[in-house]
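Accompanying notes for the structure given below.
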Amino acid sequence: MQVLEVHFITSTTTTMNLSQINSVCRVTPQKPVRSLQELTLEVPEEILSAKRVSGKFGSQILLELKESIVFLPQRVTDTITPYVDALKGYRIVFHGTRQFNNHYYQHQQADFEFLEPLEIDNIFKQKL
1 MQVLEVHFIT STTTTMNLSQ INSVCRVTPQ KPVRSLQELT LEVPEEILSA
51 KRVSGKFGSQ ILLELKESIV FLPQRVTDTI TPYVDALKGY RIVFHGTRQF
101 NNHYYQHQQA DFEFLEPLEI DNIFKQKL
């Protein structure tokens, strides 16, 4: 007859860190991704952060705005990339779309520009 020995291992030194576990399990709310064309016409929006990312359509510049995330058109990616880290605090203004014609087809392109960051001193001077 064979004797089977069963050993129970208990550890009193390992305790679960529930806050650490739950921080990984919980899904934090994300800002919605909007197209550039969905921004309000002629209203400057502050850029909270910017980075170059690889997406579905290749490399693009991603802007985090106060209430949303916006991807810039690929046509500006190479030009803006050297300055992407400096965009924080600048503002973006959407002016609408413009008809673009080439030899093969027509399509709409977003017309937008960047504005200098607002300085607190300038805001107070404008109010005086």
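By the count of the UniProt record's numbering, the sequence shown reaches residue 128 at its end, each step adding exactly one. Every residue, glycine too, gets a C-beta built ideally from N, C-alpha and C.
Tell me which residues share the same chain as residue i and place their Cβ nearer than 8 Å to its Cβ, disregarding the 5 neighbours each side in the sequence.
i: Phe100; result: Gln106, His107, Gln108, Gln109
i: Asp111; result: Phe94, His95, Gly96, Thr97, Arg98
i: Lys88; result: Ile47, Leu48, Ser49, Ala50
Counting C-beta neighbours from all protein chains within 10 Å, is the total for residue i 16 or more, i.e. buried, or is it exposed?
i: Ala86; result: exposed
i: Leu18; result: exposed
i: Phe57; result: exposed
i: Val70; result: buried
Looking at the strands, I want to know which residues DSSP matches up with residue i.
i: Leu63; result: Ala50, Val70
i: Ala110; result: Thr97
i: Ile92; result: Glu45, Phe114
i: Val84; result: Val84 is not bridged to any residue.
i: Arg34; result: Val70
Looking at residue j and residue i, is the spacing between their C-beta atoms short of 7 Å?
i: Pro44; j: Leu115; result: yes
i: Arg52; j: Thr81; result: yes
Rounded to whole angstroms, what's the CA-CA distance from residue i to residue j? Just pull it up for me.
i: Thr77; j: Gln60; result: 6 Å
i: Gln37; j: Leu65; result: 14 Å
i: Leu62; j: His103; result: 30 Å
i: Leu72; j: Thr40; result: 15 Å
i: Arg26; j: Glu46; result: 29 Å
i: Gln20; j: Ala50; result: 28 Å
i: Leu118; j: Thr15; result: 50 Å
If you drop the 5 nearest sequence neighbours on each side, which residues of the same chain put their C-beta closer than 6 Å to that of residue i?
i: Lys31; result: Ser68, Ile69
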